[in-house]
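S.K.: Heads up: the protein sequence lines correspond to chains E and V, in order.
Mind the numbering: the first sequence is residues 1 to 135 in our numbering, read in order.
Mind the numbering: the second sequence is residues 1 to 200 in our numbering, read in order.
Using N, Cα and C, we set each Cβ at its ideal position, and we do this for glycine too.
Shown below is the structure under consideration.
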Amino acid sequence: MGNLTAEFFFFVFISCCGVLQFVASYRRLKGISFFQRTISGYLFAVLAIAGAFCWFFIAENRHAPGLEGAEVFALFIAGSLAAFIFTACLSSVIKRKLHLSMEQDNPGEKPGLDSLRRMTYFQAIAGYFRNKDRG
Amino acid sequence: MIQSADKTIFFWINDLAGRVPIIDRFMRLMGTDYFIPVCMALVVFVLWFAGRDPERIERNQRAVWCALIGAGLACAIVAICNAFHDRPRPFEMYGVYPTGQVHLLFYEPTDPSFPSNIAATTFAFASGIWLGNRRVGWLLLLPAFLVGFARVFIGVHYPFDILGGTLIGLMATLGALLVLRITEPFPTWVLKVMRKLYLA
């Protein structure tokens, strides 16, 4: 059972990483994309999602008693959250030089996902708190 | 009368199993506890970020909230039903082929047959999304129907278990809608906080 829990978490984690790269490519959110070109993001998404599904369902027989519905739900939330944190960290490292001029901040800009088109997740968070301190 | 109709429809569908191996494998995959629920959850995950304009994005995000709360409520209602009513699974009643009558293509679940938990949660998910985004909602209703059919095909549920689960899922969505209306402005406030954290 412990093995299945870890495998399901990893399956969700990889799938959600793929989904996040798909979203980053689709919405041009360069700040959370691992790649320079959008086509690479789409390709990664397809490979990650298809690979995760193939690995999870083909590698082992899943027609056996396993996780309860509530466990599946909780593991999906945990896996998707972990995927978001991983994506934010890795893309912030890869894209650390992305639009450094945004470091000057833009007091008029409303926070939200669209800000991640020009800056990484951690640049955005840092910018938000700096603006808040300035009042 | 109802039980007899339920049994008749069950055997119409379940008798299709064991004839074409590729269809059996497909139905077994569709009927697992993980495949369709995870596919639907991934679509909902994408929907959280999707939308052409801020208004549409917010509507999608509210639909995701509704779907999540609805799925949670559906699970709770199913658990309450299970505590009061223990309907045996079809293979427990009629035995497993070849000694019995049921073509069982799955493991033997030990929880009550009525209502179907997976039907309740998938329909709660799909109908919750349908309220905010018709196109994606219809798209999700298709796998919700498929998983219900597959569960009868593989021999673990009666059609009325699926119907009961479906009704519970739809009721749970209405409940989720009510919860979101009653707790307003809390959902708006949560969305605002998530936007400030660049999560929405």
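Strictly under 8 Å for the Cβ-Cβ distance: is V:P37 near chain E by that measure?
M.R.: Stepping through the second sequence from its first residue, residue 37 of chain V is reached at position 37. Output row for V:P37: interface = yes.
S.K.: Starting from V:R87, trace the alpha helix (DSSP H) in both directions and tell me its first and last residue.
M.R.: Taking the second sequence and counting its residues from 1, the one referred to as residue 87 of chain V is at position 87. No alpha helix (DSSP H) contains V:R87, which DSSP labels as neither H nor E.
S.K.: Is the distance from the Cβ of V:A126 to the Cβ of V:L141 below 8 Å?
M.R.: Here the question's residue 126 of chain V lines up with position 126 in the second sequence. Here the question's residue 141 of chain V lines up with position 141 in the second sequence. Contact: yes.
S.K.: So what does DSSP say about V:V96, is it helix, strand or coil?
M.R.: As a position in the second sequence, residue 96 of chain V is number 96, starting the count at 1. Strand at V:V96.
S.K.: Return the residue from the list V:R87, V:L29, V:G51 that minimises the CA-CA distance to V:I162.
M.R.: Indexing the second sequence from 1 puts residue 162 of chain V at position 162. Taking only the C-alpha atoms, the option nearest V:I162 is V:R87.
S.K.: Can you pull the chain V residues whose beta carbon is under 8 Å from the beta carbon of E:N59, in chain order?
M.R.: The residue you call residue 59 of chain E lines up with position 59 of the first sequence. It is worth fixing the name first, because residue 59 of chain E is Ala in this sequence and not Asn. Those within 8 Å of E:A59 in chain V number zero; the least Cβ separation is about 13 Å.
S.K.: Using a Cβ-Cβ distance under 8 Å, would V:L139 count as near chain E?
M.R.: Position 139 of the second sequence, counted from the first residue, corresponds to residue 139 of chain V. For V:L139, the answer is no, since every Cβ of chain E falls outside 8 Å of its Cβ.
S.K.: If you draw a straight line from the alpha carbon of V:V190 to that of V:P115, how long is it in whole angstroms?
M.R.: In the second sequence, counting from the first residue as 1, residue 190 of chain V sits at position 190. In the second sequence, counting from the first residue as 1, residue 115 of chain V sits at position 115. In a straight line, the C-alpha of V:V190 is about 33 Å away from that of V:P115.
S.K.: Can you pull out the residues from the stretch 8 to 22 of chain E whose beta carbon lies closer than 9 Å to at least one beta carbon of chain V?
M.R.: If the cut-off is 9 Å between Cβ atoms, the stretch 8 to 22 of chain E has F8, F11, V12, S15, C16, G18, V19, L20, F22 near chain V.
S.K.: Okay, do the stretch 36 to 56 of chain V and the stretch 127 to 146 of chain V touch, 3+ Cβ pairs below 8 Å being the bar?
M.R.: With the cut-off at 8 Å, the stretch 36 to 56 of chain V and the stretch 127 to 146 of chain V touch.
S.K.: Pairs of beta-carbons, one from the stretch 4 to 14 of chain V and one from the stretch 151 to 166 of chain V, closer than 8 Å: are there three or more?
M.R.: Enough Cβ pairs lie closer than 8 Å, so yes.
S.K.: Considering just the uninterrupted stretch of the alpha helix (DSSP H) at E:A50, what are its terminal residues?
M.R.: The residue labelled residue 50 of chain E in the question sits at position 50 within the first sequence. Residues 38 to 58.
S.K.: Does any residue of chain E bring its CB to less than 8 Å from the CB of V:A126?
M.R.: For the purposes of this step, residue 126 of chain V is taken as the residue at position 126 of the second sequence. It does not; no Cβ of chain E falls within 8 Å.
S.K.: DSSP has V:V102 in a bridge; who is on the other side?
M.R.: As a working mapping, residue 102 of chain V is identified with position 102 in the second sequence. Looking at the DSSP assignment, V:V102 forms a beta bridge with V:V96.
S.K.: Out of E:H63, E:A24, E:F44, which has the shortest C-alpha to C-alpha gap to E:R117?
M.R.: The sequence position of residue 117 of chain E within the first sequence is 117, counting from 1. Ranking the options by Cα distance to E:R117, first place goes to E:A24.
S.K.: Determine the burial state of E:L113: buried for a count of at least 16 other Cβ atoms within 10 Å of its Cβ, exposed for fewer.
M.R.: Taking the first residue of the first sequence as 1, we reach residue 113 of chain E at position 113. Result: buried.
S.K.: Please identify the residue among V:I182, V:H157, V:G164 whose C-alpha is closest to the C-alpha of V:T8.
M.R.: Residue 8 of chain V sits at position 8 when you count from the first residue of the second sequence. Closest by alpha carbon: V:H157.
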